[in-house]
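Numbering (UniProt numbering), first residue to last: 1 to 73.
We put the CB at the ideal spot given by N, CA and C, even for glycine.
Since we're looking at a predicted model, the values are computed, not measured.
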């Protein structure tokens, strides 16, 4: 169970962690917000979460592409 918890908290997109760091809010409260609003609105925040995850991955990819390492030359 600890492996699953670690994966979800640290590896699964990192959207809540990033938002918490940016807005100086605890990550657990942001996760609870997404969970509660997903139940209340029947899943629409999940779409927002996936859009944010996609955007973060695109930004990371573009940053790596603009700053290549020694091995990529």
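C-beta contact flag for residue i and residue j at 8 Å
i	j	result
residue 54	residue 45	no
residue 13	residue 42	no
residue 52	residue 4	no
Beta-carbon contacts of residue i that lie in its chain and below 8 Å, excluding the five residues immediately before and after
i	result
residue 26	20
Contact set for residue i: own chain, Cβ-Cβ below 7 Å, skip 5 residues either direction
i	result
residue 17	27
residue 65	none
| request: Jot down the residue ranges of each uninterrupted alpha helix (DSSP H) in the UniProt domain "Phage shock protein PspC N-terminal" (13-56), minimum 4 residues, whole runs only, in chain order. | output: Counting whole runs of 4 or more residues, the UniProt domain "Phage shock protein PspC N-terminal" (13-56) contains the alpha helix (DSSP H) stretches 15-23, 27-40.
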